Amino acid sequence: MDKKVQLIYDNNTYEFPLVEGTEKETGIDIKTLRAQTGLVTLDPGFKNSGSCQSEVTFLNGEKGELKYRGYSIEDLADGADFLEVAYLLIFGELPTQAQLEKFQSDIHKESLVDEDLKLILKSFPRSAHPMGALASLTSALTAFNPESVDIDSDQDMYEAIVTIMAKFPVLCAWTHRKVKGLPLNYSNSSLGYVDNIAQMMFRRPTENYVSNDIVNRALNKLLILHADHEQNCSTSTVRIVGSSHAGLFASISAGISALWGPLHGGANQAVLEMLEAINKDGGDTKKFMAKAKDKNDPFRLMGFGHRVYKNFDPRARIIKKSADEVLNELGINDPILDIAKGLEQEALNDPYFVDRKLYPNVDFYSGIIYRALGIPTEMFTVMFALGRLPGWIAQWREMRKNNEPIGRPRQIYTGQVDKVFTDISKR
Ligand code: ACO
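Residue numbers for the sequence shown follow this note's numbering, so the first one is 259 and each next one is one higher.
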């Protein structure tokens, strides 16, 4: 692109090139800004800053569009299997049947976890939050699989990817079984990836496990919808940790911690707790709407608003429909769903929310489905992490293959200057 942006500073004019993406997004390339002018930019929360060029996921927040590797989220959620989407995100193309079968069989072969990891989990109190346990167990995988990945070897990279894709669902299921006091089990190589997740979570030692199509379809869709979302907080964390050449498992463990926060993946748990609180309080949604709008009240309507979407989150549309179907199919009449629908209608017609372009996000309805599937509230963010795993892997792999420099932002220092040191005895 030939167009340039001019910056006039101290009577000098500087020029910076524009970079255009394949979906016509345009950015100013300021790589030489400091060298040319001595200035840095200030952009808390990176609301206007691109940290990388990426080929993985595109989203248009104004139009409410989301695409993985060029495919619309609607088409993928409708027609694909989660493992196909994982392959697409990580390797860039949809797999052929043979490639998918090989990927699945390689994952099965790696799906044993060192038994000593159980000792680590055992040492946590039963009340420990599963996300904390999951971050620790994922970090511990590094100790049990110490080989570092040779970034220039496709085989090495493939093996690391298969290892984490195989072992991560086992660890997620174990955090659930720990809370429930159930024995820690393994996957079954005759089942598919998503069916195995359900089996590892729900199988009881005293009964045969029977696959449930409704559960599998709902889980498959939820995992696909959460699989990537370009440079969000946890993905940026994975990329920035990996940029120091920390390993894949260590980087993903950091991403899990970032995801846990209630302003990010932890919102799905917070939404359900909020809906339950409204229900317990008598179901008066207007009272909670007023709280959300009151600037003296820290309460926010959880599941509403998004840093990038200033229109409907396309994932929320799909999930809302899916919540209706799942509750119908399972014959569940959940008052929480009615409260959610009521809140959504009020917010969509309220000038406070309309003016600020606050729409329901992916987490507003996902918890209702998880609850219908019998997944406890504190496991919701773990389910998000399970879905996000391929996105984290794809973004980490891209960052390393592009040989990106270590992530290290600048700052504007606003602290005290030139203080004179006094000995402790004189203070
Ligand atoms: N309820 C009430 N008011 C809100 C909400 C909300 N959920 N979200 C934003 N606002 C208001 C803010 O108070 C602010 O108002 P002001 O301009 O009068 O000061 C304005 O809308 C803009 O909000 P910011 O916080 O500046 O927006 P930002 O982009 O920084 O935050 C975020 C986005 C964190 C998602 C925010 O909307 C929020 O806290 N939502 C609730 C938590 C949530 O659902 N998180 C999940 C996000 S999706 C995901 O991570 C998968």
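Ideal placement from N, C-alpha and C gives every residue a C-beta, glycine not left out. The structure presented is a predicted model; accordingly, all values stated were derived computationally and were not measured.
Top-ranked residue by Cα proximity to residue i, from the options
i: LYS615; options: SER502, HIS366, LYS321 and ILE514; result: LYS321
i: ALA391; options: GLU662, GLU636 and VAL678; result: GLU636
i: LYS261; options: LEU483, SER511, ILE365 and ASP287; result: ASP287
i: HIS484; options: LEU324, VAL678, PHE274 and SER511; result: LEU324
i: GLY231; options: SER502, ILE331, ILE536 and HIS564; result: The requested residue 231 is not part of the displayed model; the chain covers only 259 to 685.
i: ALA386; options: ALA652, ARG435, LEU647 and GLY350; result: ARG435
i: ASP412; options: THR672, ARG655 and TYR444; result: ARG655
i: ILE472; options: ARG575, GLU465, TYR628 and SER502; result: TYR628
i: TRP432; options: ASP414, ILE455 and ASN661; result: ILE455
i: ASP336; options: MET547, ALA476 and PRO520; result: ALA476
i: GLY439; options: PHE382, ASP414, SER447 and GLN674; result: PHE382
i: THR315; options: ILE651, SER683, GLN674 and GLY665; result: ILE651
i: GLN603; options: TYR617, ASP613, ASP364 and PRO593; result: TYR617
i: ILE420; options: LEU379, PHE349, ALA643 and ALA338; result: Just to set this straight, residue 420 is Val in the shown sequence, not Ile. Of the listed residues, the one whose Cα sits closest to VAL420 is PHE349.
N- and C-terminal bounds of the beta strand (DSSP E) containing residue i
i: GLU273; result: 270 to 278
i: TYR326; result: 323 to 326
i: ILE577; result: Counting along the chain, ILE577 falls outside any beta strand (DSSP E), though it belongs to the alpha helix (DSSP H) covering 572 to 587.
i: GLY285; result: 284 to 286
i: ASN318; result: 315 to 318
The ligand ACO heavy atom lying under 6 Å from the CB of residue i
i: ARG565; result: yes
i: GLY561; result: yes
i: ALA335; result: no
i: ALA256; result: Any answer about residue 256 is impossible in this case: the structure gives the chain only from 259 up to 685.
i: ALA598; result: no
i: ALA525; result: yes
i: ASP621; result: yes
i: HIS522; result: yes
i: LEU631; result: no
i: LEU616; result: yes
i: ARG558; result: yes
For residue i, the first and last residue of its enclosing alpha helix (DSSP H)
i: PHE691; result: Since the first residue shown for the chain is 259 and the last is 685, residue 691 is missing from the structure and cannot be characterised.
i: PHE402; result: 388 to 402
i: LEU377; result: 374 to 380
i: GLY524; result: Careful: GLY524 lies outside any alpha helix (DSSP H) and carries neither H nor E.
i: ILE482; result: 471 to 483
i: HIS366; result: 355 to 367
i: ARG646; result: 638 to 659
i: SER624; result: 621 to 630
i: CYS491; result: 491 to 500
i: PHE507; result: 506 to 518
i: ARG384; result: Segment: none, ARG384 is in no alpha helix (DSSP H) and carries neither H nor E.
i: LEU291; result: 291 to 295
For residue i, three-class secondary structure by DSSP
i: VAL420; result: helix
i: ILE266; result: strand
i: PHE546; result: helix
i: SER330; result: strand
i: PRO609; result: helix
i: PHE557; result: coil
i: PHE349; result: helix
i: PRO667; result: coil
i: PHE562; result: strand
i: PRO463; result: coil
i: PRO634; result: coil
i: PRO618; result: strand
i: GLU604; result: helix
i: PHE426; result: helix
i: ALA338; result: coil
i: GLN413; result: helix
i: PRO441; result: coil
i: GLU534; result: helix
i: PHE304; result: helix
i: LEU370; result: coil
i: ILE682; result: helix
i: THR433; result: helix
C-beta atoms of residue i and residue j nearer than 7 Å
i: ALA630; j: ILE597; result: no
i: VAL428; j: VAL371; result: yes
i: VAL620; j: ARG573; result: yes
i: LEU317; j: ASP486; result: no
i: THR639; j: GLN457; result: no
i: LEU530; j: GLY649; result: no
i: ILE482; j: VAL343; result: yes
i: SER369; j: SER445; result: yes
i: THR495; j: ALA512; result: yes
i: MET560; j: ALA525; result: yes
i: ILE670; j: SER502; result: no
i: ILE514; j: ALA643; result: yes
i: LYS212; j: SER580; result: Here the chain covers residues 259 to 685 and nothing more, so residue 212 does not appear.
Residue i Cβ short of 6 Å to the ligand FAD heavy atom set
i: LEU483; result: Ligands in the displayed structure: the ligand ACO; the ligand FAD is not one of them.
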